[in-house]
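Residue numbers (the UniProt record's numbering), protein chains in the order written: chain Z, 1 to 848; chain S, 1 to 211.
Every residue, glycine too, gets a C-beta built ideally from N, C-alpha and C.
Predicted model, so just to flag it, every value in this text is computed and none were measured.
Only one structure is covered here, and it is reproduced in the block below.
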Amino acid sequence: MAHFDTEYQRLEASYSDSPPGEENLLMHVPEGVKSQWHHIENLDLIFLNTYYVYNLHQKNGFTCMLLGEIFELVQLLFVVGFTVFLANCVDYDVLFANKFVNHTDSSKVTLPDAFLPVDVCSARIRNNAFVIFVLIISGVFWLHRLFKFIYNVCCYWEIRSFYINALKMTMSELPYATWQEVQARIVEIQKEHQICIHKKELTELDIYHRILRFKNYMVAMVNKSLLPVRFRLPVLGEYVFYTRGLKYNFELIFFWGPGSLFENEWSLKQEYKRGGNRLELADRLASRILWIGIANLLLCPVILVWQILYAFFSYTEVIKREPGSLGARCWSLYGRCYLRHFNELDHELMSRLSKGYKAASKYMNCFLSPLLTVVAKNVAFFAGSLLAVLIALTIYDEDVLAVEHVLSSITLLGVCITICRSFIPDKHMVFCPEQLLRVILAHIHYMPDHWQGNAHRYETRDQFSQLFQYKAVFILEELLSPVVTPIILIFCLRRKSLEIIDFFRNFTVEVVGVGDTCSFAQMDIRQHGHPAWMSEGKTEASIYQQAEDGKTELSLMHFAITNPQWQPPRETTHFISQLKERVHREATGAPSDTHPMSLSESEPRSLIANLLTGPSTLASVHFDRDISLANHAAAGINDGGSALRSLSPISSSLHLRGSLSAAHRAAGHTSRTMAGSGTDARTVSSGSSAWEGQLTSLVLSEYASTEMSIHALYMHELHKQQSRGEMSRHTWHRQESDESSDSIPDEVRSEPIPHSRNFPRSHTFPTTVPSPSAIPTSASATSSTALGQERKRCGSCIVRSARVPMGGWAEDGQTAQRHHEPLPEESLEDEMPPHIHKVNALSFCVCY
Amino acid sequence: MNCRSEVLEVTVEARQVEEAMLALLHTILLHRSTGKFHYKKEGTYSIGTVGTQDIDCDFIDFTFVRVSSEELDRMIRKAVSEFKDALSNSGSDGMGQISLEFYQKKKSRWPFSDECIPWEVWSIKVNVVNLANEQERQICREKVGEKLGEKVINVVEVINRHEYLPKMPTQSEVDNVFDTTLKDVQPYLYKITYQITDSLGTSVSTTMRRD
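The following block contains the structure:
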């Protein structure tokens, strides 16, 4: 057979008739567990409030945190050790030179001379039972802290590797990264690693909920005046007492102590979610509170000694260095709770309050008592002259210092003068509390209704001082706290146990992948909106369910503004966009009514967007405001806006200076030069638009806070108009929907509150109503059985039991009457901004 | 917390408890088992085969499919019969709950023991009824069969949702995800716990679950 050389050849390896064998099975490549971070059991471990990701970020990384904790432990040892040493091992007679030391070589007394020998010293300690007791207690405390420290270090180590491996951030760059960046990365890695298995994507709100789970509950409880922190004292009047010790105890009882309402860090115990045996649970809670109160009482001496020592060591040095710091003020713990939004992180709150600090202290300084001023001036004069003489003598010959008590009297006189000076008002200060209060409001975002228009009154000042107290008062309260806390727990909190049980049952929702959270923190307008705060018609909340002071609405705005990436549910989106649009229209559109040539043709997107798209629009916004000032047409919001402009660092921010100055110049001119100056502003800004791309997230958050301030002012303004116009309707509505208002005895309703005789009070500011304390128990007892079977959203039933304890309803009648008379027709209309007189607006600028 | 949980509820007669539980647990495990992994050199692996087999129930009109692994069946049977005994000893009308929990192990360093992190928990709540006569029993027999059919479809629906499953492990980590002790099949790591609610109806919340 001839060999045909063809192109056809047998294919060698391309096919084989599948001889069944191992090598031909389907092969898989394992994905492996790429990182240990997918599917973590306790997500809260990653996101928890105190000790985890957020905290590590706030504490600027692992090393800083570690050092801080170690020093805290050392400090503790030092405080105890040093105190014992001072009390037992120092021969004070030697120090005070009452006893002479027989030195051979020199006549100088040295410090070691004053120390007692070791054996004498230890004998003294051993014989002193109290010292032994304190030592044992603090030893136990210290060991506890040590264990906690070790545990924390382990946790933080995990979190550190989470940062490094999963979030790809090194510890050294952590202090310079904003929380928003960290958060964005967490959202990012969820997509990759699925650390939470319930959903594909984490939202910002989920993360916030995890971090702030318990804080949200506390904010809600303060908002609904559930916690006994306001008291009516015989001499001091209404007083707010809320210290760290008390807060610690509240948290211990509710959240994490043994037998608390929470099973673990993320879920409420099952039995507390059912209404069936609420009375029994309330009893159990009451007895628990009693026991914790008694424990507090027993530990009181120890804590008291500790507090005194701690205060002594931490504050004496400061007071000596700058005695004025005692006269300085700080935001009280209660204030921080009252002013906090739902879902607001610590650093956000602190930066907001710090921005308001200056204005707030100015406001408080407006109210210096003239009597005190006169006295202080004279005391300062006499003390000053004495001091001057002493100092002059000392300068002449320093032997004067060796005279007994000269040094101490110089110190004392100095302190005395500083204290006096804090009572003497600044010569150049102008009394304009209303404007100041408005500026404060722009930063703190919350304020009871009746403050507006009453800023000059002492009552308002007193109430504001509850939020913004003297540092000295703060320290004093902390010192008193160990004594007062058990009393509050045993006598006040225990009575509220039923309400607390009801609160946790009614306001806990289970969110998939997050666990149990406070339902207020969902910021759902429909469930918790207040009709007087722009959620009219959208809210279905009963009065019990409404958050007071527009907390839901303001929190929602705040959250949406600080987290622009967050996608809220549909109705909520609608609310936000509607409000933003309105604010924008008022901010830019108001002048355009008077001047069709206005610069703001920019589409009504969010203010922040406008601020960022280019300085030209920014300039136009400011420009508009100035025009509006000049044209007597300053809307409430514009007023606030200019307040902000004059305050906030934006105006002085270097980037914007150019465009702003152009705007100012334009404002200086009259409307005749409008068009020209407009182009001027634009050209200037177009020149500086290069920086636009380099906006860091820090700048972004800066703008966000400004935007939030504008929104807060706007909402308050709108709320004021609304409540003025519709107060009567609301009260009527409430009484109608709520038969139980009949159950309030008449004497309660008509009882005049001593302070508020001619002082309109709003129902939103929590007040201690003197007598109806007896009512809650009776009212809730009658409805308890009915309430028992009802679940969360059964309106009237729950309302009936709980509306009375909310407090402050009794004044409704009065408020309605008072708000009625001064009601000009046009202010009824929402769209119409209130016309503020030019003088007002200008005097405001003078203030600043 | 970070764990899915599914609840199934059945109402059966005392003698049907065992079969009903077996049917449901086996159905779930059927979908949560793979063939044995055979790892190769280059970090790849092949998956062995899994046989299935139909099981007819004696007291229920129902047939279910299970993995044909005697070992697995023995283990499930043991757990179920313990549960049944506890249920019948508890009192007249027993209520109980049997939970099948899938978890992952996470190796820890020396002083701590390994962590078991559940990712899915199936709770089957059982309500035992007493029937008076044979006719009712007959009806019950059919009805429970239908119900179980529904539950099986339920289970399949849940499993068909593409939700979180542990990623396929490398050879060194296979013990952290799969139960490799069985010869012929390799289910995800699981454990079965149960709890009995006493006759008063107050739930004994001595939950053995850890999630």
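DSSP state of residue i mapped onto helix, strand, coil
i                      : result
T203 of chain Z        : coil
residue 873 of chain Z : Outside the displayed range of chain Z (1 to 848) lies residue 873 of chain Z, so it cannot be described from this structure.
T34 of chain S         : strand
D502 of chain Z        : helix
S332 of chain Z        : coil
F62 of chain S         : coil
M95 of chain S         : strand
A20 of chain S         : helix
I28 of chain S         : helix
S123 of chain S        : strand
E6 of chain S          : strand
C116 of chain S        : strand
Q578 of chain Z        : helix
G293 of chain Z        : helix
I417 of chain Z        : helix
residue 850 of chain Z : The displayed coordinates of chain Z run from 1 to 848. Any statement about residue 850 of chain Z would go beyond what the structure contains.
D54 of chain S         : strand
F367 of chain Z        : coil
P299 of chain Z        : The question names Pro, but residue 299 of chain Z is Leu in the sequence shown. Three-state result, L299 of chain Z: helix.
L167 of chain Z        : coil
A690 of chain Z        : Residue confidence is low: A690 of chain Z scores 36 on pLDDT, short of 50, so the model does not pin down where it sits. Its coordinate-derived value is still stated next. Looking at A690 of chain Z - three-state DSSP - the assignment turns out to be helix.
Y544 of chain Z        : coil
L285 of chain Z        : helix
V470 of chain Z        : For clarity, residue 470 of chain Z is Tyr in the given sequence; the question names Val instead. Here Y470 of chain Z sits in strand by DSSP.
L268 of chain Z        : strand
L345 of chain Z        : coil
N378 of chain Z        : helix
G139 of chain Z        : helix
C432 of chain Z        : coil
T539 of chain Z        : coil
Counterpart residues of residue i in DSSP-defined beta bridges
i               : result
V12 of chain S  : S:V128
Q104 of chain S : S:I117
T110 of chain Z : For T110 of chain Z, which the question treats as bridged, DSSP gives no partner whatsoever.
E510 of chain Z : Z:D516
V90 of chain Z  : Z:F115
V583 of chain Z : Its beta-bridge partners do not exist; DSSP assigns none.
H28 of chain Z  : S:Y45
V67 of chain S  : S:T52
Y54 of chain Z  : Paired residues: none, contrary to the question.
Y39 of chain S  : S:Y45
Residue i: CB within 7 Å of a non-hydrogen atom of the ligand SAH
i               : result
A380 of chain Z : As presented, the structure is devoid of all ligands, the ligand SAH included, so that no description of it is given.
Notebook entry, point to check: Where are the alpha helix (DSSP H) runs, 4 residues long or more, that stay fully inside the region 194-265 of chain Z, in chain order?
Noted result: Whole alpha helix (DSSP H) segments, 4+ residues: 204-211, 213-223 and 244-251.
Notebook entry, point to check: Mind listing which residues of the region 178-193 of chain S have their C-beta closer than 9 Å to chain Z's C-betas, in chain order?
Noted result: Within the region 178-193 of chain S, no residue has a Cβ that lies closer than 9 Å to any Cβ of chain Z.
Notebook entry, point to check: What runs of the beta strand (DSSP E), each 3 residues or longer, lie entirely inside the region 151-205 of chain S?
Noted result: As far as the region 151-205 of chain S is concerned, its whole beta strand (DSSP E) runs of at least 3 residues are 190-197.
Checklist line | Validate contact between the region 450-462 of chain Z and the region 213-225 of chain Z using beta carbons, cut 8 Å, 3 pairs | finding: Contact between the region 450-462 of chain Z and the region 213-225 of chain Z is absent, with fewer than three C-beta pairs closer than 8 Å.
Check: Hey, is the region 76-92 of chain S in contact with the region 25-37 of chain S, meaning 3+ C-beta pairs nearer than 8 Å?
Finding: Judged by Cβ distances under 8 Å, the region 76-92 of chain S makes contact with the region 25-37 of chain S, as three or more pairs qualify.
Next item on the list: Please list the residues of the region 39-56 of chain S that have a C-beta atom closer than 8 Å to any C-beta atom in chain Z, keeping them in chain order.
Entry: K40, G43, T44, Y45, S46 and I47: these are the residues of the region 39-56 of chain S whose beta carbon lies less than 8 Å from some beta carbon of chain Z, given in chain order.
Check: Is it true that the region 360-378 of chain Z meets the region 419-426 of chain Z, where meeting means three or more beta-carbon pairs spaced less than 8 Å apart?
Finding: The region 360-378 of chain Z vs the region 419-426 of chain Z: in contact.
Next item on the list: Decide if the region 472-480 of chain Z is in contact with the region 306-316 of chain Z; the criterion is three or more beta carbon pairs, one per stretch, under 8 Å apart.
Entry: Yes: at least three Cβ pairs fall under 8 Å.
Checklist line | Contact list for the region 153-169 of chain S against chain Z, Cβ threshold 8 Å | finding: Taking 8 Å as the Cβ-Cβ cut-off against chain Z, the residues of the region 153-169 of chain S that qualify are E163, Y164, P166, K167, M168 and P169.
Next item on the list: Count the CB pairs spanning the region 154-162 of chain S and the region 79-91 of chain S that are closer than 8 Å, and state whether there are at least three.
Entry: A contact is defined here as three or more CB-CB pairs under 8 Å, and the region 154-162 of chain S fails this definition with respect to the region 79-91 of chain S.
Margin query: Between the region 10-25 of chain S and the region 175-185 of chain S, can you find at least three pairs of beta-carbon atoms closer than 8 Å?
Written below: Segments in contact, no.
Checklist line | Selection of the region 146-160 of chain Z by Cβ proximity to chain S, strictly under 7 Å | finding: Within the region 146-160 of chain Z, no residue qualifies.
Check: Counting pairs of Cβ atoms below 8 Å between the region 550-566 of chain Z and the region 322-342 of chain Z, do you hit three or more?
Finding: Touching, yes.
Notebook entry, point to check: What are the residues of the region 74-96 of chain S that lie near chain Z, defined by any Cβ-Cβ distance shorter than 7 Å?
Noted result: Cβ contacts with chain Z come from no residue of the region 74-96 of chain S.
Next item on the list: Output, in sequence order along the chain, the residues in the region 490-519 of chain Z whose CB is closer than 7 Å to any CB in chain S.
Entry: The residues in question are G515.
Next item on the list: For the region 233-243 of chain Z and the region 262-279 of chain Z, state whether three or more C-beta atom pairs, one from each stretch, are separated by less than 8 Å.
Entry: At 8 Å Cβ cutoff, the stretches do not touch.
Margin query: Any contact between the region 147-166 of chain Z and the region 120-138 of chain Z? By contact I mean 3 or more CB pairs, one from each, below 8 Å.
Written below: Under the 8 Å Cβ criterion, the region 147-166 of chain Z does not count as touching the region 120-138 of chain Z, having fewer than three qualifying pairs.
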